[in-house]
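In the working numbering, the protein residues as written are -5 to 249.
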C-alpha cells in the first residue's frame, strides 16, 4: 500500500510504543526506520524482518565489555536489534570524541545494523564526522558495509565491498564498529589496499537526496501485511511499566 512519510512515522511510533519501547526511545527507533525508507534503503523491509523477534523475545540489555578510559569502548547486546542499542552506541561514540578527540565504539552481538545510517546523519548534523562498518551475509561470503557521514554533506556515502577480497577469510557478521570525531583529519583514510577489494555498490549523498525528494513528493510503498501488524500494535494500550513488563518487552492490553 502507498502511504506518506508522515503517516509511516506516526504509525511506526505508536506501534513501537505498543511493542514496549519507552518514551523517547520509541520515537527515536521509529525515526531510524523511516529514515531508511525515506532514502530508499528498505526501512520497512528490515522492520518486517525484525518485528516478530521484537514482539516475542525477551530484550537483552546492552553490556559494557571493555572501556579503556579514553576513546575506545566495546559493548555487547547479545543478538539484540540495533533499534534497542544504536542510539546509546552513537551517543557514546560522540561523547568520547568530544572528550578525547576520537571515539571508537564496537557493538557486538548486534543485528539489524543497517539502522545505524540514520544515527550517522543525525550525528553529522551535530558537527561530528562519522564512520560505521559492518558485515552482512555468510561469514565466508560476507559483504562489508562502510558508511561515512561528515559535517558537510550530512548525508552518508555508503559503499559495499566483498568482505573477503575474493578469498576465503571469515568475516564477523555480528559486530558494528562506529568511529566519531570532530577533527576531519582524524577520520579513517580510505586505505589504498581497499582498491584490491571488489566494490559492489556506492551510494552518494546526491543520490540519497534525490531519493528523499521523491519519497516526500510521492510517498512510499509499504507491505499491506506489515501495515496491518503495525496498526494492531499501535492499538495496544500499555499498562503501567513494571520490572516484569519491561522484562517481557511487550505491551499488555488493559482490560
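Just so it is clear, CB atoms sit at the ideal spot from N, CA and C, and this is done for glycine as well. Just so you know, these numbers come straight off a predicted model, no measurement behind them.
- Three or more Cβ pairs closer than 8 Å define a contact, and the segment 73 to 92 meets that threshold against the segment 53 to 61.
- Checking the DSSP bridge columns, you'll see residue 168 has no partner listed.
- Secondary-structure assignment with DSSP links residue 193 through a beta bridge to 155.
- In the three-state scheme derived from DSSP, where H, G and I count as helix and E and B as strand, residue 128 is classed as strand.
- For the pair residue 98 and residue 57, the Cα-to-Cα distance works out to about 16 Å.
- Boundaries of the alpha helix (DSSP H) around residue 28: 19 to 32.
- Under the DSSP assignment, residue 115 falls in the alpha helix (DSSP H) whose first and last residues are 110 to 119.
- Residue pairing of residue 97 in beta bridges, as defined by DSSP: 174.
- In its chain, beyond the 5 residues on either side, 129 have a beta carbon closer than 7 Å to the beta carbon of residue 166.
- The C-alpha of residue 17 lies about 15 Å from the C-alpha of residue 5.
- With a cutoff of 8 Å on beta-carbon distance, residue 194 and residue 109 are scored as not near each other.
- A Cβ-Cβ separation of about 6 Å places residue 203 in contact with residue 149 under the 8 Å criterion.
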